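Residue numbers for the sequence shown follow the working numbering, so the first one is 2 and each next one is one higher.
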Amino acid sequence: MELVAGPLMGAIFNVLLERIASTEVVNFFKNKNCEKLLKRLKIILLSVNVVLNDAEEKQMKNGAVKEWLEELKDVAFAAEDLLDEIYTDAKIKAKQVNTLHSGPMSFYCKGVEEKIEDVHERLEFIMRQKEVLDLKVGKEVKMAHKTPTSSVMEACDVFGRDNDKESLVDLVLTHNEKIGIIPIVGMGGIGKTTLAQLIYNDQRVQKEFDVKAWIYVSEEFDICKITKTLLEAVTSCSCDVEDLNFLQRDLKMHVMNKKFLFVLDDVWNENYDNWDKFRSPFKHAGEHGSKIIVTTRSGCVASIMQTVSPYNLRELSNEDSWNLFSKHAFDYGDSSLQLHQSLDKVGREIVRKCKGLPLAVKTLAGLLRCKSDRQEWCKVLDSEMWDLQDSESNILPALRLSYHYLPSHLKRCFAYCSIFPKDYEFEKENLVLLWMAEGFLQQSKRHRRIEEVGNEYFCELVSRSFFQQPRRGKSCFLMHHLVNDLAQFVSGTFSIRMECSNSNEIKERTRHLSHIIADSSSYVNLKDVSKANCLRTFLQIRPVGTSIDLFNNMPNDLLTKLRSLRVLSLVGTHIYSLPNSVGELKHLRYLEVADTEIVRLPESICSLFNLQTLKLVGCHNLIELPASIHKLVNLRHLDIRGTSLRWMPLQINELNSLQNLSDFFVGKGCGSSLGELGELICLHGELFIHCLEHIVSDKDCEKAKLKEKHGLEKLSLDWCRNGETENSQKEKTILNSLQPHTNLKKLDIYDYPGTEFPEWLGDHSFYNLVSLMLNGCKYCYRLPPLGQLPMLKELQISKFEGLVSVGSEFLGNRTSYLTNCFPALEILRIESMPLWEKWYPNAENAGSKAFFHLREIHIGNCPKLRGNLPDNLPSLTLLVIRDCKRLLCSLPNSPSLRVLNIQNCESLEFKVHSPLCHQSLTSLFLHGSCDSLVFLPLDLFPNIKSLDIWGCKNLEALTVSESDATRPNLKSLHSLRIRHCPNFTSFPKGGFAASKLTLLTINYCQKLNSLPEQMHDLMPSLKEVQLRGCPKIESSSTRPLRIRICSKHMEGKQNLSDPLFARLKGLATDQSPSSS
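Here it is in structure tokens:
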């Protein structure tokens, strides 16, 4: 089956025709006159539908056709609302079997007859203009059914920017000026932001600057807002202050005497006074060599900001463009090479027309990935859209082409995204729910969940580069600025973003409206909103952490005027209640009141027959759900995380459409029992079951049928009574009855009050389980055989107050698992185990393959632990041990170890298995630990970057090998700190080479006689020395030398004898406040 690339309107018409033909609507209208009306409506819809392809293509050059399409879309929306209302009432009527209302509804037909006639007349009027506009029956454009989605999901390679990057890195690293401003100038889509990111993340640049921040500016140069955002980035703390004077003083303090790098991305400001006012905190604060990189499309912007000549970014060469195109157009399948060769010539011609713009190249590559027919490529090459000029929209022809060749259903989904502001990061799952509420998702004939269809749509748009991930590993997505402009262009006046109180742009035909909360000035005039009486979407959008008091209560009469709403989001507003009129929103499918002050929802909400998504996340005052919530038979997603609920309403089992239920609260003698979960057979995603202490019988747990819920991926089980138990065997039986399906990926168990775990926990049949947390199981005296779990990657065990030893039972019950236990485990955390004494009493029997893939170990607050740690960990890169005061063992043999952090472990022995066992170590932190450590040989750590020793009371010296020929060069060491070591007396004789050392801190080492020798020659990069509480060093200073004090802790000058200090950036001595 092939998909058909078609007009945006095609998707709307398909929905209309499906509704007219549906059994519910046909049966609903048994009145003959209404049947005739529907038939006439269907005929005229089919007549319009056949010219839509031609109309969409001609609208690019013909304004009259574009206006014709706008009028048609307005009528189609009205028809869709009408048919949705009819369909809804038909579905409700179908449920009213054996009631007085089950017969034909002639009276209802009379009510809608006029509306159908009105729609029909408007469509007829539009159809009569078809001939005047010379619209022809369109020809369908065939496209491959499925777009490969694998490679573009990853971060893309950058082509042709190596020279640009190196030139700019050189500029960034120069020290010619106090504060250098470097503008990168180029047209939209040329790659300015990408290049700035390459520079910002370059290792050389990262090491050079003390403070770094990246700020997106965009069209409005709001000095207060930008300064506030910059301050929050520098301090990593949120700021509620709006006073510019305070913000600039605070920012100045935080960059004082520090070398900073700031990136201001996408600047449009051409007012010199604004720029001069903004930069005032930096003029005399930052260290010499600080830099500000500015990306802008405007040479005028660059001229008022620059201190060096603007870097004008040029287009990619044809060859680099072709390499970028090939990366995204051919990077899939075994036949890719053959396809590449057959389409090489026409592909290069298409790339040439992109004129070296990376965004255009990448977007077209995404389009053509799904086309293997050379004729289709030629069609794109010869398209008239290359020649279109639109000075108003400034939409790249390549982007228009990519949009033009989208299937109709994807066009509608993409256009909807115009409601998102530029640089807004959205989540895939939530966008799919919005599409679903708007009716954009076509029901699959393969009986797939509608959410899965939405995921497929989303991935197709990602593969075509309409959406992109800002950083690898992030779950959010955004649109490039030019792609966002395209979405706004194609959605026209039907979608409005309210930013900076632009509510005067709301029109009667507006269907989708988002309100962007920026600050307290972002006031929404609800009267203006009511002008759009056919509004379908009211979406509140706010930056993370923002909460603005826009209104305390939604006016009751407003919702009565917005009866077509399908999406209503009031997230982050200070409303305390919803009006009862919310229950009259017959079309409403998505309701979000997250992070509001709501205490209760009105009972009228339960009459929302079509409601699919109800989001109540973070409503901390919400204490109960409506008693009749079970009437929401179409509810698919109920998110009640972060509420104050303690029980669920009765008959929750009637919500049999539920796909996602975030939480379930077991009531104490009230509300739904856990057994009601049994009938919610479609649950997917995550489920958190609270208050399991209220379970009376394991029979109720069995009725929940968790074992049959194959769609659940994460399950959390919580006993909310701090682990108190009356009957341990009963609790074990209850947990046994809560066994989930083996498809489960994550399992968390909190405060389980039993003494033993049931056999299913740790059973090797849970082959999908990758994460397990056991927390607060304070009566358990033994761990389950978790070593048998074949795919477990992350394990966290904490607050087992009765556990004394961990032995072979932890590895597994079968002999085979003793030599291959935890075959996939990567991260292990064991914390707060007050009685735990031994680990592996028979560790030598564990076999060499135990923990073979373990990368991280975190052990904390286990005061009685004495036994051995697992040894021979070839993959271990991070080891953290803290507050294990009696741990007597030596460190494990781990040749891949990169980070070692030991805190408050006085008895731990720092023994070295071999001279090569710590070759990979880059960070070593010893804090109040290893009392047996007297000498620390630096030879052991040739690749160390950070060495921090605090409170090692018996440490006397850092040492190196005696031979000068083998004396190590700690070429990677950047930071060396030795603090509160009362017996530390010396550094290696003759000094030690550390060519990249920038910071040396020595505090409260009372017996230390001198600083390292030959520092001036062996430590050429040293910038800062902090020296406190070392009286013998100060008394040895014989040659006075004036040095500049740049530390914010110091005032005045200081005399010391080493010529090294002549070039130091900062020096702190005992005149400074005491510091650790």
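Where is the CB? At the ideal position from N, CA and C, for every residue including glycine. Small disclaimer: the values here were computed from a predicted structure and weren't measured.
Enclosing alpha helix (DSSP H) for residue i [first to last residue]
i      : result
HIS410 : 409-417
ARG1   : Shown here, the chain extends from 2 to 1077; a query on residue 1 therefore has no answer.
LEU84  : 64-96
HIS329 : 319-330
ASN275 : 273-280
HIS482 : 482-492
ALA197 : 193-201
ILE13  : 9-22
Check whether residue i and residue j have beta carbons under 8 Å apart
i      : j      : result
LEU483 : GLY190 : yes
VAL572 : GLN613 : no
LEU586 : LEU609 : yes
LEU617 : THR574 : no
THR1   : ASP267 : No information on residue 1 is available, as it lies outside the stretch 2 to 1077 that the chain covers here.
LEU880 : LEU898 : yes
LEU836 : GLY803 : yes
LEU479 : GLU426 : yes
LEU790 : ALA851 : no
TRP512 : ARG537 : According to the sequence shown, residue 512 is Arg rather than Trp. In this structure, ARG537 lies closer than 8 Å to ARG512 by Cβ.
LYS82  : CYS620 : The question names Lys, but residue 82 in the sequence shown is Asp. No, the pair does not count as a contact, with Cβ atoms beyond the cut-off.
PHE1   : LYS423 : For the chain, the structure presents residues 2 to 1077; residue 1 sits outside this window and is missing.
ILE599 : ILE624 : no
ARG123 : VAL76  : yes
PRO896 : PRO871 : no
Own chain, CB closer than 8 Å to residue i, minus 5 neighbours either side, in chain order
i       : result
ASN1010 : THR986, SER987, LYS1033, ILE1034, SER1037
GLU350  : LEU382
LEU793  : LEU770, VAL771, SER772, LEU773, LEU787, PHE823, ALA825, LEU826
ASP965  : Any reading at ASP965 must be qualified, since the residue scores a pLDDT of 49, below 50, and its modelled position is unreliable; the value itself is stated next. Excluding positions up to five away in sequence, the list reads GLY991.
VAL1    : The first residue shown for the chain is 2 and the last is 1077, placing residue 1 beyond what the model contains.
GLN652  : HIS631, SER673, GLU677
Cβ neighbours of residue i in the same chain (closer than 7 Å, five flanking residues each side left out)
i      : result
LYS886 : PRO864, ASN905, CYS906, GLU907, SER908
ARG41  : HIS121
ASN313 : VAL186, GLY187
Continuous beta strand (DSSP E) stretch holding residue i: start and end
i      : result
PHE539 : 538-542
LEU977 : 976-980
GLU795 : 795-799
GLY861 : 857-861
ASP211 : Taken as a continuous stretch (DSSP letters only), ASP211 belongs to no beta strand (DSSP E), as it is neither H nor E.
LEU937 : 936-938
ARG315 : That residue, ARG315, is in no beta strand (DSSP E); it is neither H nor E in DSSP.
ASP664 : 664-666
SER926 : Looking at the sequence shown, residue 926 is not Ser but Phe. PHE926 -> beta strand (DSSP E) spans 924-928.
According to DSSP, residues forming a beta bridge with residue i
i       : result
PRO603  : BP columns for PRO603 are empty, so no partner.
ASP640  : LYS616
LYS593  : The identity of residue 593 in the sequence shown is Glu, whereas the question assumes Lys. Per DSSP, SER570, LYS616.
PRO184  : VAL295
GLU687  : LYS715
SER1083 : An answer regarding residue 1083 cannot be provided, because it is not within the stretch 2 to 1077 covered by the chain.
VAL517  : A small fix is needed here, since residue 517 is Ile in this sequence, not Val. Note: ILE517 sits in a beta bridge opposite ILE542.
TRP951  : HIS928, ARG980
SER996  : DSSP, once it has assigned bridges, lists no residue as partnering SER996.
CYS477  : GLU428
Same chain, Cβ closer than 6 Å to residue i, five either side skipped, listed in chain order
i      : result
LYS632 : CYS607
ALA12  : SER409, HIS410, ARG413
LEU937 : LEU959
PHE911 : CYS931, LEU934
ASP719 : HIS691, TYR751
LYS116 : LEU83
Residue i Cβ short of 7 Å to the ligand NAP heavy atom set
i      : result
LYS746 : For the ligand NAP, the structure offers nothing, since it holds no ligand at all.
CB contact check: residue i to chain C, cutoff 8 Å
i      : result
PHE988 : Absent here is chain C; the protein component of the structure consists of one chain.
_Length-filtered (3 minimum) beta strand (DSSP E) runs lying within the region 715-763_ = 747-751
*Entirely enclosed beta strand (DSSP E) segments - the region 237-303, minimum 3 residues*: 261-268, 291-297
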